[in-house]
Amino acid sequence: KDIPLNIEDSNLDGYYGATQFVNWYNGHPEYESLSPNLNTDTAIIIGNGNVAIDCARILVKTPKELQNTDITEYAKKSLFNSNIKKVYIIGRRGPLDAKFTTVEIREMGELIDCVSILSKGTLSLIDKKLLEELPKQYKILTSFTEKKNSPLNKTVEFKFYLSPNKLIGNDKLSSVEFKSNISKSDKKITIKAGLLISAIGYQGKKIQGIKTNSSGMIINNDGIIRDRLYTAGWVSRGPSGVIGTNKHDGAKIAKHIASNIKSKNSNGRNGLKSLLKKLNKRYISKDQWLLINEEEINRSNNSAPRLKFTSHSEVFKFLDNL
């Protein structure tokens, strides 16, 4: 789950964690009704990682750029009708502390109708000699201008050394107050915005009976929690790495399970199916998953790679009608 901002009035409508927002446009069954506020001309994203950039890109892309993606139809409709013209990506530290990868930051300079700029004064705070030895992503980031000298309709502005101090609004977010992390004065900066997305990191959800550390990561030894209990992925090693990294984790856990099977006469798959039935838990088999995958691809009526199912009921209705 998202690490919360833990600031004043963080319960205002218009504030979302990045996980909520990403799950909304990707079709997670639990987030279809999220309906983030896009009826605002300005959005703020707090965080300096790839997730922050992903959220910003979705908000400023044109219908043409979105048509070949597999984000949900309801998200596309909302984004096509969005009023957002300005997006701020705000970091608590400086530009050379950002965690953007080269591919992600490069794409911010290749958008059809959006220009990426740096906040005024950003470049003056950077030792140019350092850039010669730094990875390419920082050279790309610092190549952005500090002025919007572009005819494009939308702007993403990268601002640094700011921390959110307070959310302002009556029930609904209207602006965000920030404090400077480099200024010695108590002067605050306020930015008007109706949408705020926090992308400052993740923490594991607590599971009863499972020991975790302060970040919510499950305490384990090479993926083994205890006898016949295993963990893989971010909750076992922290929120880093991509799908391929987690596949490697999964393969390792599969080997642990195979080597720790105590009885060759166990009920195995049939035992699991019997248990799920007893608990009245419906599941999807691999063969059913293949049918779902094929149906999502087949029912796409445009250039999108697929049209996703976005609810459990929709999936099971499809399976029941086969």
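Mapped onto my numbering, the consecutive letters of the sequence shown carry residue numbers 26 to 347.
Just so it is clear, CB atoms sit at the ideal spot from N, CA and C, and this is done for glycine as well.
Since the model is a prediction, treat every value here as computed from it, not as a measurement.
Give the straight-line distance between the Cα atoms of residue i and residue j, rounded to the nearest whole angstrom.
i           : j           : result
residue 278 : residue 289 : 19 Å
residue 223 : residue 210 : 25 Å
residue 320 : residue 340 : 10 Å
residue 240 : residue 257 : 16 Å
residue 46  : residue 53  : 10 Å
residue 147 : residue 302 : 60 Å
residue 103 : residue 300 : 42 Å
residue 313 : residue 55  : 21 Å
residue 154 : residue 77  : 27 Å
residue 318 : residue 97  : 15 Å
residue 232 : residue 249 : 16 Å
residue 293 : residue 286 : 10 Å
residue 44  : residue 243 : 20 Å
residue 347 : residue 337 : 16 Å
residue 90  : residue 137 : 8 Å
Take the Cβ of residue i as the centre, count every other Cβ of all protein chains shown within 10 Å, and call the residue buried at 16 or more, exposed below.
i           : result
residue 66  : exposed
residue 247 : exposed
residue 228 : buried
residue 83  : buried
residue 105 : exposed
residue 40  : buried
residue 206 : exposed
residue 29  : exposed
residue 107 : buried
residue 163 : buried
residue 366 : Because the chain in this structure spans residues 26 to 347, residue 366 falls outside the shown range and cannot be described.
residue 245 : buried
residue 111 : buried
residue 282 : exposed
Let's see if you can read the secondary structure: which residues bound the beta strand (DSSP E) around residue i?
i           : result
residue 51  : Here residue 51 belongs to no beta strand (DSSP E); instead the alpha helix (DSSP H) covers 43-51.
residue 251 : 249-251
residue 222 : 220-223
residue 215 : 213-217
residue 191 : 187-193
residue 141 : 139-143
What three-state label does DSSP hand residue i in the structure shown?
i           : result
residue 167 : coil
residue 118 : coil
residue 38  : strand
residue 179 : strand
residue 237 : strand
residue 27  : strand
residue 243 : strand
residue 202 : strand
residue 172 : coil
residue 197 : strand
residue 315 : helix
residue 298 : helix
residue 111 : strand
residue 306 : coil
Check whether the Cβ of residue i lies closer than 7 Å to any heavy atom of the ligand GDP, and answer yes or no.
i           : result
residue 301 : For the ligand GDP, the structure offers nothing, since it holds no ligand at all.
Say whether chain B places a C-beta atom closer than 8 Å to the C-beta of residue i.
i           : result
residue 312 : Of the protein chains in this structure there is only one, and it is not chain B.
Ends of the alpha helix (DSSP H) at residue i?
i           : result
residue 338 : 337-345
residue 284 : 268-285
residue 152 : Where residue 152 is concerned, there is no enclosing alpha helix (DSSP H), given that its DSSP letter is neither H nor E.
| message | Report the start-end ranges of each beta strand (DSSP E) in the stretch 61-109 that is 3 residues or longer and not cut off at the edges. | response | Counting only runs of 3 or more, we get 67-71.
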